[in-house]
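Have a look at the structure below before the remarks.
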Amino acid sequence: MRTLDPTMAADLFVFSEVTACGSFTGAAERMRVTQGAVSQRIARLEKRLGEPLFFRGSRGLALTSMGASLAEAVRPAMDQIAEALLKLGGPFQPRRLRISCSGSLALDWLGGLILQFQTTEPAIEIELVAEDDLPEIAKLRRESIDLAIRYDSSPPQGLMILAVLDSLIFPVCTSELQAKLARDKACSFTRLHDAHAWPKASRTAEWDAIDAVTSEFADRRHKDVYFNLSKLALQAAAQGAGVAIGRTPLVNQQILNGSLVPATSARPIVAARYYFLSLMDAAPSAALTSFVSYVCDAWPSPLQTA
C-alpha cells in the first residue's frame, strides 16, 4: 500500500536523513536515535513500497533506482517544509547548520562570530567542524555539511560559491623584533610558515608571495620553521620566535591587543581568498543565506581591529 499516512510520512523523513548522511549511522547520530531504529523505519518503508530502496554492501549504501526516484522527490519536499517552519518562527525545533572551516579560522574568528550570530538568530543551531582538507562533494554530502569555508588560491570545482572574501597577508612579529629588524638591516631572523596555507600550496607559499612584492625580507639571512596551522605560526610569532605571515581576519585581534605588529610598512597583498561553498543539490536555505550574509557584513577590512 503506497498511500501517504502519518507512519509513512515519518518513515520518509528518516529515509531523507539517510540519503543526506549516506549511512544509517550518520542519520541516527543526526536524529539522536539508535541505528536500529533507523534500520527498522527503512525496512518498514521498503515493505510498504514493495521494493528495496538501498543496495547494502561492503562499501556502504547505494540507492536503487526506486530509492533514487524517491529521494529526488522527498529531499526537496523536506527542505521546503523546513524553510516554511523557519519563516513562520514560533516554537519550532531549531534549524541546524553544519559548517566546516579551518581550525585557525574557527578558533581565531568564526567561533566568536557564531555566538554573536545566535543572539540575533536563536532559532538557528550551528555545529562547527574544524578541518582543512579539500571540500569533496561526496564528503560534504555524507557528513551533511551545509557550508564549507576554505582558504584557496582558486575556486574549488563542482560546488556552489555563495561568497568570496578577500584575505590580505602581511608579515607580523612582536614590536621588539620589529624594532630590532628596523635598526639592523643585516639582522637575521626566523620565518614562521603555515606549511598548509591552502590546498596544493607549497610550504613557503605565503612567504613567496611576500618576497615577490618586496625585497625587505628576501635579502636577509633567515631560518625556516614550519607549522600545520596559521594559528600556531602566529602564536610562535607572538612569543618572539620570529616573523609569521598574518592573514586577515585571523590576526586582527592580536594586532588590536598589541601582541603582534606589522613587521613592515609594505602594503598587504592578496595571495588567496576565503570561498564559502555549498552543494549544488538545492538552493541555499534561508538559514544558510542569513548566516553567510552575517559573516560577509562582519568581515573586517585589511587592518581593521575592532
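Going by the working numbering, the first residue of the sequence shown is number -1, and it counts up by one from there.
Beta carbons are placed, not taken as given, at the ideal position from N, Cα and C, and that holds for glycine.
All of these numbers come straight from a predicted model, not from anything done at the bench.
Where residue i sits in the DSSP three-state scheme
{"i": "F53", "result": "strand"}
{"i": "L145", "result": "strand"}
{"i": "E125", "result": "strand"}
{"i": "P266", "result": "coil"}
{"i": "V170", "result": "strand"}
{"i": "V241", "result": "strand"}
{"i": "L160", "result": "strand"}
{"i": "F215", "result": "coil"}
{"i": "A184", "result": "coil"}
{"i": "V223", "result": "strand"}
{"i": "G20", "result": "coil"}
{"i": "V259", "result": "strand"}
{"i": "R42", "result": "helix"}
{"i": "S98", "result": "strand"}
{"i": "D106", "result": "helix"}
{"i": "A275", "result": "Here the sequence assigns Leu to residue 275, which means Ala is not the residue at that position. Reduced to three states, the DSSP call for L275 is strand."}
{"i": "S165", "result": "strand"}
{"i": "A193", "result": "coil"}
{"i": "A280", "result": "coil"}
{"i": "D150", "result": "strand"}
{"i": "A231", "result": "helix"}
{"i": "R93", "result": "strand"}
{"i": "G48", "result": "coil"}
{"i": "L59", "result": "strand"}
Reference residue i; option with closest CA among the options
{"i": "A269", "options": "T172, S152 and P298", "result": "S152"}
{"i": "I40", "options": "P74, S14 and R28", "result": "S14"}
{"i": "R140", "options": "L59, A235, S186 and F215", "result": "L59"}
{"i": "H191", "options": "L230, I135 and A280", "result": "L230"}
{"i": "L126", "options": "R96, S142 and L113", "result": "R96"}
{"i": "P169", "options": "A199, F53, F215 and P4", "result": "F215"}
{"i": "F289", "options": "K198, I122, N250 and A207", "result": "I122"}
{"i": "A280", "options": "T117, A71 and G34", "result": "A71"}
{"i": "H220", "options": "R46, L232, A239 and R189", "result": "R189"}
{"i": "F187", "options": "P74, C171, R28 and S291", "result": "C171"}
{"i": "Q237", "options": "R265, E174, L227 and S283", "result": "E174"}
{"i": "V211", "options": "A26, V16, S102 and A264", "result": "A264"}
{"i": "L132", "options": "K198, R57 and A18", "result": "K198"}
{"i": "A195", "options": "D150, L179, Q233 and A234", "result": "D150"}
{"i": "D130", "options": "D144, F115 and A104", "result": "A104"}
{"i": "R93", "options": "R28, D9, L2 and A193", "result": "R28"}
{"i": "Y273", "options": "D164, A234 and A82", "result": "D164"}
{"i": "R42", "options": "F11, G55, R30 and G24", "result": "F11"}
{"i": "K178", "options": "A25, V293, G240 and G48", "result": "G240"}
Interface flag, residue i vs chain B, CB-CB below 8 Å
{"i": "E214", "result": "Any reference to chain B falls outside this structure, which holds one protein chain only."}
8 Å CB neighbourhood of residue i in its chain, flanking five on each side removed
{"i": "F53", "result": "L59, A60, L61 and T62"}
{"i": "P89", "result": "Caution applies to P89, whose pLDDT of 49 falls short of 50 and renders its modelled position unreliable; the value that the coordinates give is listed next. Answer for P89: no residue qualifies."}
{"i": "R73", "result": "S14, T17, A18, D279 and A280"}
{"i": "F22", "result": "V16, Q33, V36, S37, I40 and L59"}
Neighbour-count burial assignment, residue i, 16 or more Cβ in a 10 Å radius
{"i": "C185", "result": "exposed"}
{"i": "S213", "result": "exposed"}
{"i": "S98", "result": "buried"}
{"i": "L277", "result": "buried"}
{"i": "I147", "result": "buried"}
{"i": "Q38", "result": "exposed"}
{"i": "D9", "result": "buried"}
{"i": "S291", "result": "exposed"}
Residues near residue i by beta carbon distance below 6 Å, same chain, minus five either side
{"i": "D217", "result": "none"}
{"i": "S200", "result": "none"}
{"i": "K183", "result": "none"}
{"i": "S100", "result": "D130"}
Residues near residue i by beta carbon distance below 7 Å, same chain, minus five either side
{"i": "L166", "result": "T246, P266, I267, V268 and P300"}
{"i": "I79", "result": "none"}
{"i": "Q91", "result": "Per-residue confidence for Q91 stands at a pLDDT of 48, beneath the threshold of 50, marking its modelled position as unreliable; no derived number is given."}
{"i": "N226", "result": "A193 and H194"}
{"i": "E119", "result": "S288"}
Residue i beta carbon near the ligand FAD (any heavy atom closer than 7 Å)
{"i": "P197", "result": "Among the ligands in the structure shown, none appear at all, so the ligand FAD cannot be discussed."}
Worksheet item: Are the segment 244 to 251 and the segment 281 to 299 touching by the rule of at least three beta carbon pairs closer than 8 Å?
Response: yes
Discussion item. Taking 8 Å as the cut-off, does the segment 59 to 75 touch the segment 96 to 111 (at least 3 CB pairs, one atom from each stretch)?
Written reply: no
Worksheet item: Does the segment 203 to 211 come close enough to the segment 256 to 269 to have 3 or more Cβ pairs within less than 8 Å?
Response: Taking a cut-off of 8 Å on C-beta distances, the segment 203 to 211 touches the segment 256 to 269, as three or more cross pairs fall below it.
Worksheet item: Are there three or more Cβ pairs, one per stretch, closer than 8 Å when the segment 272 to 288 is compared with the segment 159 to 179?
Response: Taking 8 Å as the limit for Cβ pairs, the verdict is that the segment 159 to 179 does touch the segment 272 to 288.
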